[in-house]
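Peer 1:
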Amino acid sequence: MIIILKHNPRDGDVETLLGSIKARGLVAQPIANEGSNMFGLAGDLTGISEDDFLRNPAVDKIVRVKEAYKLAGRKFHPEDSVFDICGRKVGGGNFAVIAGPCSVESEDQILSVARDVKSAGAQFLRGGAFKPRTSPYAFTGLGLDGLELLKLARDKTGLPIVTEIMSAEHLSEFEADVDVIQIGARNMQNFTLLRQVGALKKPVLLKRGLSSTLDELLLAAEHVMAGGAREIMLCERGIRTFETATRNTLDLSAVPVLKQRSHLPVIIDPSHATGYWNLVEPMALAAAACGADGLIIEVHNHPEAALCDGAQSVTPQVFRRIMTRVNRVREAVAQ
Ligand code: PEP
Ligand code: MN
Numbered sequence: 114m115i116i117i118l119k120h121n122p123r124d125g126d127v128e129t130l131l132g133s134i135k136a137r138g139l140v141a142q143p144i145a146n147e148g149s150n151m152f153g154l155a156g157d158l159t160g161i162s163e164d165d166f167l168r169n170p171a172v173d174k175i176v177r178v179k180e181a182y183k184l185a186g187r188k189f190h191p192e193d194s195v196f197d198i199c200g201r202k203v204g205g206g207n208f209a210v211i212a213g214p215c216s217v218e219s220e221d222q223i224l225s226v227a228r229d230v231k232s233a234g235a236q237f238l239r240g241g242a243f244k245p246r247t248s249p250y251a252f253t254g255l256g257l258d259g260l261e262l263l264k265l266a267r268d269k270t271g272l273p274i275v276t277e278i279m280s281a282e283h284l285s286e287f288e289a290d291v292d293v294i295q296i297g298a299r300n301m302q303n304f305t306l307l308r309q310v311g312a313l314k315k316p317v318l319l320k321r322g323l324s325s326t327l328d329e330l331l332l333a334a335e336h337v338m339a340g341g342a343r344e345i346m347l348c349e350r351g352i353r354t355f356e357t358a359t360r361n362t363l364d365l366s367a368v369p370v371l372k373q374r375s376h377l378p379v380i381i382d383p384s385h386a387t388g389y390w391n392l393v394e395p396m397a398l399a400a401a402a403c404g405a406d407g408l409i410i411e412v413h414n415h416p417e418a419a420l421c422d423g424a425q426s427v428t429p430q431v432f433r434r435i436m437t438r439v440n441r442v443r444e445a446v447a448q
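Each number in the numbering used here comes from the position in the sequence shown (counting from 1) with 113 added on.
In structure tokens:
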């Protein structure tokens, strides 16, 4: 639903209108490229009638639109979103690199990898403290101790931390300590968690579900945004197909499609998409070439001994080379 205001409405009437929108649990999103006299309503419009707002003297017209993702979509937000996350710009032509191990394993490991990825040019440190594992007998992460080690790595390197939340039980720790909250592929449609994380209003890295369409990913982002958050990075991390040569199939066309439909930055995860460290570099270069806004890459100081995802983890040396080559690709495509 779009509300179009009259020319020069009275401030008091506009305030009353905004109050009545809020009271119905809806969000009024100004339509950026049309001046300030229009806004879209986001939220659950079931049972809301145009008459509810037409009575207000500030309102000229109401237009109903069938736009599934009002907050995540480009329609009401034509320009690329640019976020400032701990002093790092994300989106709108900036390139964000998030790197680190799949899981936090020890103080030595996380500090060593954090220092190496920082010196190679990464802007964010990743590391799982709570790990979703297919087998219940696999290493499921160090939990809150892992979060403490990530904080230590942030203190020592200055890199903001990106880590996955698995359960609402840890919302308060993530709110206090985590710079970017990752929602993993397996939780992309955990709608309750999406809302609860959204309500923290913190930056979120939202990974595409293993078998989710791009529409479903954008609707998941809409859930997080309806909760209140605005700084959402969409992450393509490979999808399930019949191909078995790679762990998943990297859907690189997700980059232009998502960017056509949404103003949110798109990050590529070539590690989970391929499953093999020696496929990470070519796919990272391809992601940079097709306009991705960044990468999330698994890096381990001893991949052969990693407790999780060693086969797809690159060494710090390989990561450094990827960074150099990605920058060259970005320069080449910018010309
Ligand atoms: C991860 O980033 O380590 C992870 C578990 O990713 P995904 O949710 O994409 O499988
Ligand atoms: Mn992993």
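Glycine included, every Cβ here is placed at the ideal spot set by N, Cα and C.
Note that this is a predicted model, so its numbers are computed, not measured.
#1: Taking DSSP's pairing of strands, which residues face A397 in a bridge?
#2: Since V427 is in the alpha helix (DSSP H), which residue starts that stretch and which ends it?
#3: Identify every residue that forms a DSSP beta bridge with A333.
#4: To the nearest angstrom, how far is it from the Cα of T159 to the Cα of L118?
#5: For E417, I'd like the list of residues in its chain whose CB is within less than 8 Å of its CB, leaving aside the five on either flank, ordered along the chain.
#6: Do you know offhand how far V275's Cα is from F252's?
#7: Any idea what DSSP makes of A266, helix, strand or coil?
#8: Suppose contacts are defined by Cβ-Cβ distances below 8 Å. Is D328 in contact with R350 by that definition?
#9: With a threshold of 7 Å (Cβ to nearest heavy atom), would K320 be considered close to ligand 1?
#10: Under 8 Å, do G407 and I211 count as touching if we go by C-beta distance?
#11: Between Q425 and T387, how many whole angstroms is the CB-CB distance? I'm expecting something under 8 Å.
#12: Kindly identify the DSSP beta-bridge partner or partners of C348.
#13: Tell me the DSSP secondary structure of K202 in three-state form.
#14: Leaving out the 5 sequence neighbours to the left and right, which residues in its chain are closer than 8 Å to S133 when beta-carbon positions are compared?
#15: In the DSSP assignment, what are the bridge partners of G213?
#16: Leaving out five residues before and five after I360 in sequence, what residues of the same chain have Cβ atoms less than 8 Å from its Cβ?
#17: Anything with a beta carbon under 5 Å from a heavy atom of ligand 2 counts; list them all in chain order.
#18: For G206, verify whether its CB is less than 7 Å away from any heavy atom of ligand 1.
#19: Any idea what DSSP makes of E147, helix, strand or coil?
#20: Does the distance between the C-beta of A298 and the nearest non-hydrogen atom of ligand 1 fall short of 7 Å?
#21: Nearest-angstrom Cα distance between L284 and R321?
#22: From what residue to what residue does the alpha helix (DSSP H) around T305 run?
#23: Measure the C-alpha to C-alpha separation of A445 and V178 and round it to an integer number of angstroms.
#24: Can you give the Cα-Cα distance for N391 and G153, rounded to whole angstroms?
#25: Express the C-alpha separation of V217 and D258 in angstroms, rounding to a whole number.
#26: Which residues in the same chain have their Cβ closer than 7 Å to the Cβ of N146, if we skip the five residues on either side of it in sequence?
#27: In the DSSP assignment, what residue or residues form a beta bridge with V140?
#28: Roughly how many angstroms lie between the CA atoms of L318 and G297, to the nearest whole one?
#29: From which residue to which residue does the beta strand (DSSP E) around I116 run?
#30: Can you tell me which of S324, L313, A399 and L323 puts its alpha carbon nearest to the alpha carbon of H336?
#31: What separation, rounded to the nearest whole angstrom, lies between the Cα atoms of A242 and S375?
#32: Excluding five sequence neighbours on each side, which residues of the same chain lie with their C-beta closer than 6 Å to the C-beta of P316?
#33: Output the distance between the C-alpha atoms of I175 and F304, rounded to the nearest integer angstrom.
Peer 2: On the basis of the coordinates in this document:
#1: Here residue 397 refers to the residue found at position 284 when the sequence shown is read from its first residue. None; A397 has no bridge partner.
#2: Reading the sequence shown from its first residue, position 314 is the one you call residue 427. Careful: V427 lies outside any alpha helix (DSSP H) and carries neither H nor E.
#3: One-based indexing of the sequence shown puts residue 333 at position 220. Beta-bridge pairing links A333 to no other residue.
#4: Here residue 159 refers to the residue found at position 46 when the sequence shown is read from its first residue. Here residue 118 refers to the residue found at position 5 when the sequence shown is read from its first residue. Here the alpha carbon of T159 sits roughly 22 Å from the alpha carbon of L118.
#5: For the purposes of this step, residue 417 is identified with residue 304 of the sequence shown, where counting begins at 1. Beyond the five residues adjoining it in sequence on each side, E417 comes within less than 8 Å, by CB distance, of G423 in the same chain, given in chain order.
#6: The residue given as residue 275 occupies position 162 in the sequence shown. The residue given as residue 252 occupies position 139 in the sequence shown. The alpha-carbon separation between V275 and F252 amounts to approximately 19 Å.
#7: Looking up residue 266 in the sequence shown gives position 153. Look at A266 here: in three-state DSSP terms it is helix.
#8: Stepping through the sequence shown from its first residue, residue 328 is reached at position 215. Stepping through the sequence shown from its first residue, residue 350 is reached at position 237. Not closer than 8 Å, so no.
#9: Position 207 of the sequence shown holds residue 320. Within the cutoff, so yes.
#10: By one-based count along the sequence shown, residue 407 stands at place 294. By one-based count along the sequence shown, residue 211 stands at place 98. Yes, they are a contact pair.
#11: If you number the sequence shown from 1, residue 425 lands on position 312. If you number the sequence shown from 1, residue 387 lands on position 274. Going by Cβ atoms, the distance from Q425 to T387 rounds to 7 Å, so yes, they are a contact pair.
#12: Position 235 of the sequence shown, counted from the start, is the residue given in the question as residue 348. BP columns for C348 point to K320 and I380.
#13: In the sequence shown, residue 202 corresponds to position 89, counting from 1. The answer is strand: DSSP assigns K202 an E or B state.
#14: Counting from 1 along the sequence shown, the entry for residue 133 is found at position 20. Contacts found: D165, F166 and N169.
#15: As a working mapping, residue 213 is identified with position 100 in the sequence shown. Beta-bridge pairing links G213 to E411.
#16: Reading the sequence shown from its first residue, position 247 is the one you call residue 360. The identity of residue 360 in the sequence shown is Arg, whereas the question assumes Ile. Around R360: G351, H385, A386, T387, G388, Y389 and Q425.
#17: Those residues having their beta-carbon less than 5 Å away from any non-hydrogen atom of ligand 2 are, in chain order, C215 and D422.
#18: Residue mapping note: residue 206 aligns to position 93 of the sequence shown, counting from 1. G206 Cβ: outside cutoff for every heavy atom of ligand 1.
#19: In the sequence shown, counting from the first residue as 1, residue 147 sits at position 34. Per-residue confidence for E147 stands at a pLDDT of 49, beneath the threshold of 50, marking its modelled position as unreliable; no derived number is given.
#20: Numbered from 1 along the sequence shown, position 185 holds the residue referred to as residue 298. Correct: A298 has its Cβ closer than 7 Å to ligand 1.
#21: For the purposes of this step, residue 284 is identified with residue 171 of the sequence shown, where counting begins at 1. For the purposes of this step, residue 321 is identified with residue 208 of the sequence shown, where counting begins at 1. Between L284 and R321, the C-alpha separation is close to 21 Å.
#22: In the sequence shown, the residue the question calls residue 305 occupies position 192. Looking at the DSSP string, the run of the alpha helix (DSSP H) that includes T305 is F304 to A312.
#23: Indexing the sequence shown from 1 puts residue 445 at position 332. Indexing the sequence shown from 1 puts residue 178 at position 65. When rounded, the distance between both Cα atoms is 40 Å.
#24: Walking along the sequence shown from the start, residue 391 turns up at place 278. Walking along the sequence shown from the start, residue 153 turns up at place 40. Looking at the two C-alpha atoms, the distance is approximately 46 Å.
#25: In the sequence shown, the residue the question calls residue 258 occupies position 145. In the sequence shown, the residue the question calls residue 217 occupies position 104. Each residue's alpha carbon lies about 9 Å from the other.
#26: Numbered from its first residue, the sequence shown carries residue 146 at position 33. Only weak support is given to the placement of N146: the predicted model assigns it a pLDDT of 49, under 50, and the value that follows is read from those uncertain coordinates. P191.
#27: Residue numbering aside, residue 140 sits at position 27 when the sequence shown is read from its first letter. Partner(s): A155.
#28: Here residue 318 refers to the residue found at position 205 of the sequence shown. Here residue 297 refers to the residue found at position 184 of the sequence shown. When the Cα atoms are used, L318 and G297 turn out to be separated by approximately 8 Å.
#29: Here residue 116 refers to the residue found at position 3 when the sequence shown is read from its first residue. First-last of the beta strand (DSSP E) with I116: I115 to L118.
#30: As a first step, residue 336 must be located in the sequence shown, where it is residue number 223. Answer by Cα proximity: L313.
#31: In the sequence shown, residue 242 corresponds to position 129, counting from 1. In the sequence shown, residue 375 corresponds to position 262, counting from 1. One C-alpha to the other measures close to 30 Å.
#32: One-based indexing of the sequence shown puts residue 316 at position 203. Around P316: I198, V293 and E344.
#33: For the purposes of this step, residue 175 is taken as the residue at position 62 of the sequence shown. For the purposes of this step, residue 304 is taken as the residue at position 191 of the sequence shown. When rounded, the distance between both Cα atoms is 30 Å.
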